[in-house]
Amino acid sequence: MKRALWIVSFLLLALLLTRVRGALAGSYCGYCSNQQRACDPSVPKCIPCTSSNQCTQKQRCDVTTGLCRPKGLFNPFAWYDGVLIPLTFLVAGIHNAGGSGGGTSYITLFVLLAGFQIAAASANSHAYIFAGMIANVAFNLFQLHVARNTSRIDWDLAVVTVPFFLTGSAVGVYLNQVLPGYFISLLLAAIMLLLIIYNAFFGIRITMLEMRLIRASETGALSADWRVGDAEKASAKTKRHIEEKTTEPTETEDLTRDGEITARVSAEGGSKAIPAAVPLTRVKPRRWWHWIDPKMHSRSLGELLYWESSWWHWRYWLVLAFLWSVLFVCRYLSGSRKQQSPVGMPLCGAVYWVVFAVQQTVLLGSGFWLLYRARRLEQMRIRLGYPWFVDGTGLGDLRFTNNFQIWYPLFSLIVGVFDSFTGIGGSDLLMPALYSVCHMHPFTVQSSVSAIIFVTSSAGAVQFLAYGVLDIDYSLFYGLFALLGSLTGVILVYYFAKRYNLAALLILVLVVAFAFNFGTLLYVSAVNLSNVVAAGVGWMTNSVCTPTYH
């Protein structure tokens, strides 16, 4: 199977390379168009535009800046304005069905059809991702966990991820403005190819395991629901994952009592639903400050499960809103090379960098505090005998282990950098890691990542709005169709996944979306790179400290 996938991947890559061969006849004017400049073919030289006749048919001249920008929405109406409507709907439906934001697809669509520069399309993609995630989160907000009467969204994972993600995204915004567009598209294409190969292997493996469990269940080989899992029917690797999830202690100094509780939970089925004997009880907090975070002060399993059973975790929302506000206020007051500070803060001056340092310090400090809280919560769950869930494929609940605390914060920060830098969408990178390293169930991953990207994509869109590179008319209009497409895709994929007991369907949908992204990105990269070669300009960068406003 693996050999066949490698052969198919190679053939697809060869086919795509032959298709883009005709696009390699670059030109100097093509390079100028990518730089939002007019072209003087007699020199040749990129010059500021003075009229829209000097720009491409899809662009209009901004005489105040001398830049060729995408024309206003429906001003005038063009054929691609209409074509983008169903394509945006379709892209949002496919990507959000798998939990991905679809940023790379939006980038290629608006570069190829609407005349956007790559960096500008990357910036605007955050608005479409955010619109799709509105529907995604609204749907998952009312859905229950696979095996417990608790929220499907892992809110502890969300609040741990967001601060590190936003810390990285603040750096990625600078890289997006500095580095050339062809480099961004080439990097995206390379990442997409790796994600296609990895997710295809992983999705097929999980699908085969699920189908094997379904057949065993239908023939009576399993004594319980296949979702609960049966370690005896799984592969050796899957058995190890199940054992780790149901028996792993959280600290080396955990007392014998914790180990006994964990062993008892595992022996009783470990990952099964909440035992009927455990009542959900609400206890009044002993101290007034316990009300701020009552889950951390639970004294029984029933009390802990009660606080987790709420569908509206407003305390988590307040934390996410605080983190979002820190980034928004600091970026808005600082201004950028394309947008002057509303308080007159000098660009790249001493105050500018002090504000940036305060912003990053608050975000990182909040992230480490929330990570410490999650670790304490993990210890409390083990002490109370929490009913951990893991299915027959080895996928289940997230465990905040020592190893997780080491690699995940750094990984989330790097994902945030790539999210704002390339527009790839952090979900495309977060989800494979949560599947393969953390062994989380696809339903939990899809819903939890949608909550994370809901916050981070809105923060990214606001940053680019403050920097003056977000086209509001395009964002609002096509964002509406991204929202509708997302809702349609999420409803359909969950229907079929539950109907046929194939949670891996969410992973396979991602592979299809990534394959489309790779093909279009490879084409865009070839065109832009050929224009750079024809112009002979080499590696060109911009300065974030050189204002373009007047």
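Per mature numbering (1 follows the signal peptide of the UniProt record, and there is no 0): the sequence shown = residues -25 to -1, 1 to 525. Yeah, the Cβ is synthetic: ideal placement off N, Cα and C, and Gly gets one too.
Tell whether a beta-carbon distance below 8 Å holds between residue i and residue j.
i	j	result
Cys43	Ser8	yes
Ile128	Ser100	no
Gly367	Leu119	no
Ser423	Met108	no
Ala94	Leu302	no
Ser461	Gly68	yes
Gly400	Gln314	no
residue 544	Ser411	Here the chain covers residues -25 to 525 and nothing more, so residue 544 does not appear.
Cys24	Gly41	yes
Leu346	Pro384	yes
Leu467	Met415	no
Thr79	Leu496	yes
Arg262	Ala441	no
Phe429	Ala98	no
residue 548	Phe117	This structure cannot settle anything about residue 548, because the visible part of the chain is limited to -25 through 525.
Thr516	Ile159	no
Asp403	Ser75	yes
Leu88	Val58	yes
Only counting the same chain, and skipping five residues up and downstream in sequence, which positions put a Cβ closer than 8 Å to that of residue i?
i	result
Ser518	Val153, Arg312
Ile171	Ser(-17), Val486, Phe489, Ala490, Phe493
Thr125	Leu119, Leu280, Glu283, Ser284
Asn115	Arg127, Ile128, Gln421, Ser422, Ser425, Ala426, Val465
Here's a check: name, in chain order, each residue in its chain whose Cβ is nearer than 7 Å to the Cβ of residue i, leaving out the five neighbours to either side.
i	result
Ala102	Ala436, Leu445, Ser450, Gly454
Leu141	Leu298, Leu302, Leu338, Gly391, Thr431, Ala434
Met320	Leu308, Ser309, Gly310, Val326, Tyr327
Trp130	His288, Tyr291
Thr523	Thr40, Arg312, Lys313
Gln10	Cys21
Asp15	Ile22
Ala164	Phe493, Leu496, Leu497, Ser500
Asp37	Arg44
Val86	Ile93, Ala96, Val499
Ser27	Arg35, Cys36
Using 10 angstroms around the beta-carbon of residue i, count the other beta-carbons present and answer buried if the total reaches 16, otherwise exposed.
i	result
Phe5	It is worth fixing the name first, because residue 5 is Gly in this sequence and not Phe. When all chains shown are included, Gly5 counts as buried.
Gln32	exposed
Leu197	Its pLDDT being 49, under 50, Leu197 is placed unreliably by the model, and nothing is read from it.
Gly147	buried
Gly77	buried
Ser300	exposed
residue 526	Outside the displayed span of the chain (-25 to 525) sits residue 526, for which this structure offers no information.
Tyr498	buried
Ala122	buried
Ile381	exposed
Ala110	buried
Asn378	exposed
Ile357	buried
Thr336	exposed
What is the rounded straight-line gap between the Cα of residue i and the Cα of residue j?
i	j	result
Val135	Ala349	8 Å
Ala238	Tyr361	Confidence at Ala238 is low in this model, with a pLDDT of 39, below 50, so the placement of that residue should be treated as unreliable; the coordinate-derived value is given next. When rounded, the distance between both Cα atoms is 11 Å.
Lys473	Ala479	11 Å
Gln29	Leu458	36 Å
Pro407	Pro61	28 Å
Gly90	Leu162	20 Å
Ile179	Gly324	53 Å
Leu150	Asn476	43 Å
Thr521	Leu322	8 Å
Ala191	Pro417	21 Å
Met355	Phe375	12 Å
Gly143	Glu193	48 Å
Gln334	Ala72	34 Å
Gly47	Leu276	57 Å
Gln92	Val329	31 Å
residue 541	Asn174	Since the first residue of the chain shown is -25 and the last is 525, residue 541 is not available in this structure.
Trp54	Leu84	14 Å
Arg35	Pro155	22 Å
Val112	Leu409	18 Å
Phe49	Asp448	10 Å
Ile104	Tyr469	20 Å
For residue i, collect the residues of the same chain with a Cβ closer than 6 Å to its Cβ; drop the 5 residues on either side in sequence, then sort them by chain order.
i	result
His272	His265
Asp372	Trp363, Phe364
Phe456	Ile60, Thr63, Phe64
Ser387	Thr136, Phe139, Phe140
Leu184	Thr368
Does the beta carbon of residue i fall short of 7 Å from some heavy atom of the ligand COA?
i	result
Asn476	As far as ligands go, the structure on display features none, and thus does not contain the ligand COA.
Segments of 4+ residues assigned as alpha helix (DSSP H) that fall wholly inside the region 344 to 427: 377 to 397, 401 to 411
Ranges of the alpha helix (DSSP H) found wholly within the region 469 to 514, counting only runs of at least 4: 480 to 510
Whole alpha helix (DSSP H) elements within the region 255 to 322, 4-residue minimum: 276 to 283, 289 to 309
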